[in-house]
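Those protein sequences? They're chains A and B, same order as listed. Just so we're aligned, residue 10 is where the first sequence starts under our numbering, counting upward by one. Just so we're aligned, residue 132 is where the second sequence starts under our numbering, counting upward by one. For each residue, glycine too, the CB sits at the ideal point set by N, CA and C. Values in this document were obtained by computation on a predicted structure and should not be read as measured data. To start, the structure itself, in structure tokens.
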Amino acid sequence: MATHSGTPATADFSSSPLKRTKIVLLGDQSVGKTSLITRFMYDTFDNTYQATIGIDFLSKTMYLEDRTVRLQLWDTAGQERFRSLIPSYIRDSSVAIVVFDITNRASFLSTSKWIDDVRSERGNDVIIVLVGNKADLSDKRQVTHEEATAKSTELGIMFMETSAKAGHNVKSLFKKIAMSLPGMEKDGAAASGAENQKIDVKTTGASDVPDASQCNC
Amino acid sequence: MQSSLSKSTVSALPLPSPSSSSISLASPLQRGAALPSSSARNPISLRLYKVLGTNFQDPTTREALETLSSFYAPEIATPGQTEVGDEDEDEGSDEEDGDEGSDAQPIPMPRNEKIDGDIAEKARKLFRKNVEGRLLEGSYKFLQAFKEVDEQKLDVLQVHVKDMQGRCDEAQVKLQATNEGCKYLLERAGSLQMQRQNTIARQSIISAFLSRFTLTEAETEALTSRDVPVGRRVFDAMDKTARIREDCQVLLSGDGGDDQAGLDIMSMTAERLEQGYQKLFRWCSFEFRQLARDAHLDVAPVMSEAVRRLRQRPDLLAEALKILSSVRQATLLSLFLEALTRGGPGGLPRPIELHAHDPMRYVGDMLAWVHQAMAGEREFLDGLFGVKDGRMVGSIREYKGGEVQEYIRALMDEDLEKLCMPLKVRVQQTIKSQEGSITSYKIANLLQFYKVTVQGTVGADAILSQTLQEATEIAYQVFFDTIEAQGRSLLRFLHPPEADLSPPLALRDTSQVLRDIMSVYDSSLLEAPAQDQMQAQILDAIVDPALEMCKRMFAMRRDGTKWDRAVFLINCTVFLQTVLQPYEFTKTHVASLEEEVNESVQILVDEHYALLLQESGLAPIIESINTKPADRPLSHIASADSSSVTSALSNFDAFLSTLDVISSPRLTLLSVPRLVTKVHRAALARIGRAYGTVCEAVKKAENRYEFASTLLGSRRPFGQMSVLWQVLGVDEGGIDGVADSVSV
Ligand SMILES: Nc1nc2c(ncn2[C@@H]2O[C@H](COP(=O)(O)OP(=O)(O)OP(=O)(O)O)[C@@H](O)[C@H]2O)c(=O)[nH]1
Ligand SMILES: [Mg+2]
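So, in structure tokens, the structure goes:
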């Protein structure tokens, strides 16, 4: 059997298995979590709202210049009655996308709660991205880009405005997340590693915000 | 030759120079040829010029001169010879033939020591003679030589020629024979050549056949050796083997002939292919054992390819998958226990058991962990079998059937199997340790939600689904047990109702439970249809015992009147109704409680009316009307004669003047104002009807009242019903049905 242990490295079948990254999407009802996933997965959009019931997952492999990552996306329901379930999913996710609707101020205020939940479950061992969705509805805007940016800077997280409807910034959102993932070998690292990661996130977050506003919708 | 020439030229023949006075050499030939036409000048000088101008350099001349010089070489000359030579006369060269053999003497040559002029002179004199002599001598020698040839050598030659002739004939015969012999050889060579051609053709056919129908050494090695890693090379070799077998099958199915080769190939390749499959099997088994480390793993392409191929050998695949599932079972179990007790590295995420004090969080975390493990396993198996999950997020996974789906379904089931027991045990413990019914109801709700969620991925028949189903049932069972126990304890500790007949404390407690349950229901994780039946059951389990309790409580009251009982029951029932009313799904229960209320209301109306009738003074007359024999006029009955009627009517007048049409002191314990009004009015309406009955009876001739209209008209309401209705504040219409009409 010993001779077999080195076998998998072969010509056409040489790629090694990918590590998976769990990403949980959080945010109030109807801010567009499901729509963001659907845009990312299938590049489609549906105007009719169908509230998510419970929690579901989908996976996608992303091929980037220098790495390939497998993302497991967990879509949660924004309805209040499901709220108690969600911390159990945050618990096991290394990335949290906290979504609000730029035309709904209340949904922006709720993001604080969601971010608190994430921090209480994961501490600093997590990448948090604040996402202002529905950027195509700028005439109904209730949350400015500046205040969302200020909030993200204050909390040391990333921020991006997206439109699932127009498809703006959706790919770049996930790409940015993939690029911020710690190296594959770092997966099981201890608390000290988590510290480094926090710094990573901060710097990336800060430098990327103007970027995101440039490709604003 | 060159050296002798130059030597003789230098020594014997002085180069002609203009200063030389003697004419040394001039061949007769040259002399004749070089004679130009004489000019008018001095003939001697002309001649000199001519001699001097003669060119002796051309090879012919030089050769001639050389030859001549040998005639007169000084060394050769002897004194005797010189004398002979002296006699030679200068003659023409044309006399050569006539003098043959006359002079065999070598040409006397003057000696070197002697003067050159002497030799030249002799040469001039004897030249012709000498030359002719030499010719003669040569001819003679020639004759001499040929004489010999003629006499002996030709005969010998003749003999030789004859001999040769013989041999040639002999050779000819031999050649003939050899030719005969060679002909066969040639033929044979030709046929061999042909054979060779055929053989080459066959060889190329065979090597083509071999390359098509046999495996190369490298390919065989790929299939059989452990040194060749599973990968492209092994897969290619397997493909080739399979192709050989297919082709061979085609050949074998053709017309008969010698099938032995085909059969050999088939058995050989069968063996190799089997070795290939065995190799894949061993490799997969080994690799599967390595999948113990991680909860979230992805599949390398080589592995899914190996599995895809192994599907051709279901037995082997099944065996390998058995290893896989047992590895995954064990892995997931240990990861689950780790998540429960140890949590993540560095303390986050926290161990699930840290939340054991918070049953909802604790059970929720466990279920969410299992949910995520299931998702990971599903993804892994999809990858292993190369299945794409193209469904929309949130939509239910359809089980489409088919070989691959069946493999995945079975593996999912097995992989998650070992989680079921520890999960169930912990959930059960949590449920059982709950004090209140609400928590077990919430847990039941949560379990049911996850059962539905999990079913969407693994199907209803999966062990995990079954486990959650059982856990859900247990939780509901515990819940129902709790509320039933509560119901029983309600009945066990009964107290008679308070004097004010208000809903008892026990009923208020029960209502609080009911409220909580209904608010859980309202925020239920489940969709309405799944829940409604459950809810009806819950209501039955709570509401029925509560009402029963109230009835039994009242029964404990020794002096309990029918009236008080009705009031108490109405108070309790309506209290329950107000708890239920806000929720849509309680409609049927609210309606059935309404029936209970109406029953009691009817009792109250009857009772209230009877008492009011007494108070109004009409009671004896009504009594008489109802009991009189048909053949006696009413006025002849003592209790209903004119004076009795007069006093009854004056009593009624007084009654009306003090009447409170809104309420009655009797009804103060009824805690529902709406029903107080309702009962009072219904009773008053019946009083009105009673007055009407009295009036009609008085007016009837057969009852033989004198001055009937005066009798009625002396007191209010003067026999006029419309006046009475006004006083009572009741509408004439619907009097009869008033007790049933809530709105009156
Ligand atoms: N104009 C606009 N509408 C959007 C956008 N994204 C989502 N919507 C709409 O917003 C509504 C809600 O979108 P969902 O994706 O279902 O929201 P959700 O966050 O998943 O909601 P829950 O599942 O209830 O938590 C839908 O009607 C979408 O069509 C966007 O970028 N622009
Ligand atoms: Mg949704």
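Worksheet item: From this set, B/ARG403, B/ALA401 and B/LEU382, which residue's C-alpha is nearest B/GLY393's C-alpha?
Response: B/LEU382
Fill in: Straight-line Cα distance separating B/GLU679 from B/ILE562
28 angstroms
Worksheet entry | Selected residue, minimal CA-CA separation from B/SER778, among B/SER456, B/PHE699 and B/LEU842 | B/LEU842
Worksheet item: When DSSP builds the beta bridges, which residues end up paired with A/THR77?
Response: A/TYR72
Practice prompt. Report yes or no: is there a C-beta of chain B within less than 9 angstroms of the C-beta of A/ILE136?
Written response: no
Discussion item. Short of 6 angstroms in beta carbon distance, which residues of its chain neighbour B/PRO210, apart from the five on each side in sequence? Order them along the chain.
Written reply: Summary for B/PRO210: the model assigns pLDDT 48, below 50, so the residue's position carries little reliability; its value from the coordinates is reported in the next sentence. Closer than 6 angstroms at Cβ, skipping near neighbours: no residue.
Worksheet item: According to the neighbour-count rule (16 or more other Cβ atoms, all chains shown, within 10 Å of its Cβ), is B/CYS83 buried or exposed?
Response: In this structure chain B extends from 132 to 875, so residue 83 of chain B is not present and cannot be described.
Worksheet item: Could you give the residue range of the alpha helix (DSSP H) that holds A/PHE117?
Response: 114-131
Discussion item. Please report the straight-line C-alpha distance between B/GLN560 and B/GLU604, rounded to a whole angstrom.
Written reply: 14 angstroms
Fill in: B/LEU749 to B/PRO804 span [Cα, whole Å]
28 angstroms
Discussion item. So the candidates are B/THR462, B/GLY517 and B/GLY587; which of them puts its Cα closest to the Cα of B/GLU545?
Written reply: B/THR462
Worksheet entry | Segments of 4+ residues assigned as alpha helix (DSSP H) that fall wholly inside the region 707-772 of chain B | 718-747 and 750-758
Worksheet entry | chain B within 9 angstroms of A/GLU163, Cβ atoms only | no
Worksheet item: Candidates B/LEU744, B/ASP663, B/PRO635 and B/GLN406: which alpha carbon is nearest B/ALA684's?
Response: Note that residue 684 of chain B is Met in the sequence shown here, rather than Ala. The option with the nearest alpha carbon to B/MET684 is B/PRO635.
Practice prompt. Determine whether the Cβ of B/GLY868 lies closer than 9 angstroms to any Cβ atom of chain A.
Written response: Confidence at B/GLY868 is low in this model, with a pLDDT of 42, below 50, so the placement of that residue is unreliable and no value is reported for it.
Worksheet item: Counting only beta-carbon atoms, is A/PRO96 nearer than 9 angstroms to chain B?
Response: yes
Item to complete: Please confirm if B/PHE580 has its CB atom under 9 angstroms from at least one CB of chain A.
Response: yes
Practice prompt. For chain B, find out if any of its Cβ atoms is closer than 9 angstroms to the Cβ of A/GLU194; answer yes or no.
Written response: For A/GLU194, the predicted structure reports a pLDDT of 40, less than 50, and the residue's modelled location is therefore unreliable. A value from the coordinates is still provided. No, because no Cβ of chain B sits closer than 9 angstroms to the Cβ of A/GLU194.
Worksheet item: Cα-Cα, which of B/ALA251, B/ARG439, B/CYS681 and B/LEU464 is closest to B/GLU629?
Response: B/CYS681
Fill in: Beta-bridge pairing of A/ALA105 - partner residues as DSSP gives them
A/VAL33 and A/ILE137
Worksheet item: What are the partner residues of B/HIS486, as DSSP defines its beta bridges?
Response: Paired residue(s): none; B/HIS486 is not in a bridge.
Discussion item. Whole angstroms are fine: how far does the CA of B/GLU436 sit from the CA of B/GLU450?
Written reply: 17 angstroms
Discussion item. Tell me which residues share the same chain as B/LEU354 and place their Cβ nearer than 8 angstroms to its Cβ, disregarding the 5 neighbours each side in the sequence.
Written reply: LEU346, VAL365, ALA368, MET369, THR372, ARG403, LEU404, GLN406, GLY407 and LYS410
Discussion item. Just to confirm the assignment, what range does the alpha helix (DSSP H) spanning B/MET552 have?
Written reply: 534-563
Worksheet item: In angstroms, rounded to a whole number, what distance separates the CA positions of B/PRO713 and B/SER457?
Response: 52 angstroms
Discussion item. My output table needs one value for B/HIS291: the three-state DSSP class, helix, strand or coil.
Written reply: helix
Discussion item. Would you say A/ASP75 lies against chain B (beta-carbon separation less than 9 angstroms)?
Written reply: no
Worksheet item: Would you say B/TRP694 reaches chain A, if we count a Cβ-Cβ gap shorter than 9 angstroms as a contact?
Response: no
Practice prompt. Locate the beta strand (DSSP E) running through A/GLU170, then write down its first and last residues.
Written response: 167-170
Item to complete: Give a yes or no on whether the C-beta atoms belonging to B/LEU780 and B/LEU855 are separated by under 9 angstroms.
Response: no
Worksheet item: What whole-angstrom Cβ distance do B/ALA677 and B/LEU724 have, given they're in contact under 8 angstroms?
Response: With 8 angstroms as the limit, B/ALA677 and B/LEU724 do not qualify as a contact, their Cβ atoms being about 10 angstroms apart.
Fill in: the region 640-662 of chain B: positions lying closer than 8 angstroms to chain A by Cβ
SER654, SER655, LEU656 and GLU658
Discussion item. At the 9 angstroms Cβ level, is A/MET71 part of the contact set with chain B, yes or no?
Written reply: no
Item to complete: With 8 angstroms as the limit, tell me which residues of the region 55-71 of chain A have their beta carbon closer than that to any beta carbon of chain B; keep them in chain order.
Response: GLN59, THR61, ILE62, GLY63, ILE64, ASP65, PHE66, LEU67 and SER68
Item to complete: Give a yes or no on contact between the region 164-175 of chain A and the region 134-142 of chain A, applying the rule of three or more CB pairs nearer than 8 angstroms.
Response: yes
Worksheet item: Do we get a CB-CB distance below 9 angstroms when we pair A/ARG100 with the residues of chain B?
Response: yes
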